[in-house]
């Protein structure tokens with residue numbers, strides 16, 4: 001088990017109420033999960049907790065049973081956990097090292113701090129640049145990158161650490177949908193090759209619906225629905241953002257007019273509308 005949280009509550013320092021109150025959250029090796037929720041739902045707090053920020057950068061009180069990659073939160077420093085898990089957040093410029101003069105140097109920064117041999121660093125950097133479509137950016141200064149390019153570079157830096165747990169907190173928000181899908185398909189390759197578990201933290205239905213095995217709907221720090229996309233979809237309608245066509249499908253499900261399961265992509269949605277809701 002990569003992640004196992006049982007009856008966990010986290011109360012930030014100085015707060016009267018818990019920011020997180022989670023009865024059951026589990027993730028196995030190589031599994032992809034999505035934590036869906038609106039702004040202020042607790043997604044980023046959960047991502048930071050899983051990454052190992054508690055208590056250094058996430059001060060507060062943690063209760064319950066928590067095991068992340070065989071480690072209890074608060075018993076290992078971020079330096080110790082960095083080689084095993086990586087968190088990519090929404091704002092890329094805040095995650096760049098600030099001491100690299102090229103994208104290549106930026107991506108190499110983490111592996112260099114692990115003290116790896118130069119040949120291993122070069123291999124990891126090349127693989128990470130390829131997986132994130134950053135080869136053409138190799139010699140660019142990080143300060144010249146667009147928002148989407150910078151997000152790809154930050155993901156490349158995370159991959160160069162070869163994590164077994166990758167936490168992506170709205171990490172595709174500045175990319176085009178087409179580029180986000182390319183990166184996610186490549187991340188699937190990485191996940192399959194290295195047995196990496198991935199959690200997407202999103203306030204939108206996509207891209208999570210295309211790639212994740214299980215879903216957790218988070219509202220005010222508590223899971224209100226869990227399971228397959230089918231299990232959480234209607235509960236997610238008032239909570240997260242999604243295209244109008246999907247929202248219409250959800251409304252028809254609630255009214256009993258929708259036949260079949262929740263489609264996982266646009267093509268399946270169009271086919272379902274044609275089959276069940278278009279009069280010849």
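In UniProt numbering, the protein residues as written are 1 to 280. Just so it is clear, CB atoms sit at the ideal spot from N, CA and C, and this is done for glycine as well.
Residue 249, DSSP secondary structure in three states
helix
State the Cα-Cα distance for the pair residue 208 and residue 118, rounded to the nearest angstrom.
36 Å
Quick one: what does DSSP say residue 44 is sitting in, helix, strand or coil?
helix
Here's a check: name, in chain order, each residue in its chain whose Cβ is nearer than 6 Å to the Cβ of residue 242, leaving out the five neighbours to either side.
205
Under 6 Å Cβ to Cβ from residue 232, same chain only, skipping five residues before and after it: list those, please.
215, 217 and 225
Buried or exposed: which applies to residue 259, given that a residue is buried once 16 or more other Cβ atoms fall within 10 Å of its Cβ?
exposed
Inter-residue spacing [alpha-carbon to alpha-carbon] between residue 110 and residue 64
32 Å
For residue 87 and residue 257, what's the separation of their Cα atoms in angstroms?
41 Å
For residue 169, is the classification buried or exposed, using 16 other Cβ atoms within 10 angstroms of its Cβ as the cut-off for buried?
buried
What runs of the alpha helix (DSSP H), each 4 residues or longer, lie entirely inside the region 210-262?
229-236 and 244-254
As a quick exercise: from 161, 148, 266 and 236, pick the residue whose alpha carbon is nearest that of residue 124.
161
Alpha carbon to alpha carbon, what distance is there between residue 52 and residue 99?
24 Å
Taking only the alpha-carbon atoms, compute the straight-line gap between residue 142 and residue 128 and give it to the nearest angstrom.
16 Å
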